Ligand code: GLU
């Protein structure tokens, strides 16, 4: 246990949260919790042009839905407040002044047209244009209106140990003099995130592999500031189901809250995302958040890409749906999106709905799917079907007409001796002998009885077995449906 662990999730408010971002937050949170450390939510809003209105509440809602809770952050404050970078400009300015004073930064002296001329010259001479080749001989004072550039060191190549990827190196190309503070007074990501990670005492930085190539820049800035860099933990790329291409929108790179709308459970999403690039080193597949915190180890984060398997997500979700007590299951069902039924499970017979829960748990992988079933293959539990004579007779045998009719009549007799509330087992005991007798005659077999019975009750080719149907409908309603079928025949 390392109580000093501090991790952060530092999204830019540029839109919704997709699975990749959420997984980064999740790993940072799990690691902090495991070590009884702190987890920070910081918002990196220094690029005002890319900002999308409404992103911050959306990010907060996404994390809260998943139960990823922060100890300090934008909405709750904390010892390093504020946690919105646009409210920390004075701090970045102090750091910039420090770098200026120590000779590690200089105000960019060039106007747009001068820069253009320098670029054209470089192109003509067939060499790359680098700011570092045009550093001013004398450094003029900085009034904050010109961009402030970092005076990058000559050494280009850096090597470091990534806690997920092992030994890494980058920086074959010269690091150019990158901007620290832009002309609009906002810091760049390069400066701002480093200042914040230092100030907030961040010990471990989890982020995507697109940052590996910039790490030499970060390391040189840490050096110039005389600060120790945090440990880097590079997240595995998330690949599409084919395990090759990067995850596309169609494959699941969508807004995480869409999954909520489709009726996924947060426990399932967390379970699934944790295993998307991390493994416990055992065969265990299902983890509660508590179990994840216990089991989580950085050394078990894979270096290679992780394939996003929607089938797996669905089966993990079904697992968590099945664990819900009936009442809770129904609360989630109510909250799931409108279907053909109008999403109004509340309008259905609540007793029958409760009895349908085991059927839904058996069949549905999401609550949206469960809703669809209530208006589809399970609708017969709530509304009497319209029957088709041809379908009723589908299993008739040509040389013995009338089997369906006599079967339904025998079933009626058997049902009359049962109370209205019966278990499916009791129904089975009462009806199976009729089907068995048919089986003994050969030809149509049990289906000659069970098919017309199931169809009379459900009006559908695909439905739960007739014993379950009768136990949910009650014998009175079942008898009335079977009698209607008899009337048709
Ligand atoms: N604001 C950066 C982003 O959203 C964060 C990168 C980092 O974690 O340092 O990509």
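Numbering (my numbering), first residue to last: 108 to 596. Think of the CB as a built atom: it goes at the ideal place given N, C-alpha and C, for glycine as much as any other residue. Small disclaimer: the values here were computed from a predicted structure and weren't measured.
- Judged by DSSP secondary structure, residue 388 falls outside any alpha helix (DSSP H); it is assigned neither H nor E.
- Each residue's CA atom was taken as its position, placing residue 434 and residue 401 some 29 Å apart.
- Near the ligand GLU, meaning a beta-carbon closer than 5 Å to one of its heavy atoms, we find 117, 118, 119, 151, 300 and 314.
- Contact check between the segment 522 to 537 and the segment 484 to 501: fewer than three CB pairs, one atom from each, fall below 8 Å, which does not count as touching.
- DSSP places residue 266 inside the beta strand (DSSP E), whose first and last residues are 265 to 269.
- By the Cβ neighbour-count rule, residue 181 is buried, with 16 or more other Cβ atoms within 10 Å of its own.
- Here DSSP, grouped into helix, strand and coil, assigns residue 241 to helix.
- When C-alpha distances from residue 128 are compared across 492, 531, 316 and 351, the shortest belongs to 316.
- Assigned with DSSP and collapsed to three states, residue 312 falls in strand.
- Between the alpha carbons of residue 247 and residue 183 lies a gap of roughly 42 Å.
- Every beta strand (DSSP E) stretch that sits fully inside the segment 337 to 365 and reaches 3 residues is listed by chain position as 338 to 341.
- Boundaries of the alpha helix (DSSP H) around residue 465: 457 to 470.
- A residue is called buried once 16 or more other Cβ atoms fall within 10 Å of its Cβ, and residue 478 is buried on that count.
- Annotated three-state conformation of residue 226 is helix, per DSSP.
- Per the C-alpha coordinates, the member of 398, 595, 466 and 540 positioned closest to residue 493 is 595.
- Between residue 556 and residue 542, the C-beta spacing is below 8 Å.
- With at least 16 other beta carbons inside 10 angstroms of its own, residue 378 counts as buried.
- According to DSSP, residue pairing for residue 114 in a beta bridge involves 146 and 311.
- For residue 276, there is no enclosing alpha helix (DSSP H); the enclosing beta strand (DSSP E) covers residues 273 to 277.
- Taking one beta carbon from each stretch, the segment 271 to 288 and the segment 317 to 327 have 3 or more pairs nearer than 8 Å; the two touch.
- Exclusion of the five residues before and after residue 153 leaves 192, 293, 294 and 299 as the residues of its chain whose Cβ lies within less than 6 Å of its Cβ.
- Counting C-beta atoms within 10 angstroms of its own C-beta, residue 587 has fewer than 16 neighbours from the protein chains shown and is therefore classed as exposed.
- Burial state of residue 532 is exposed, judged by a 10 Å Cβ sphere holding fewer than 16 other Cβ atoms.
- Beta-bridge annotation (DSSP): residue 184 is paired with 180.
- Within the DSSP secondary-structure output, residue 191 pairs in a beta bridge with 150.
- In this structure the segment 193 to 200 does not lie against the segment 209 to 224, because fewer than three pairs of beta carbons, one per stretch, are closer than 8 Å.
- Counting of Cβ neighbours within 10 angstroms places residue 395 among the exposed residues, the total staying below 16.
- Residue 163: member of the alpha helix (DSSP H) spanning 162 to 173, first to last residue.
- In this structure, the straight-line span from the alpha carbon of residue 143 to that of residue 410 is close to 26 Å.
- Straight across, the Cα-Cα distance linking residue 229 with residue 258 is about 20 Å.
- Put simply, the backbone Cα of residue 332 is about 9 Å away from that of residue 302.
- Listed as beta-bridge partners of residue 213 by DSSP are 256.
- The segment 350 to 367 makes contact with the segment 410 to 421; the number of CB pairs closer than 8 Å reaches 3 or more.
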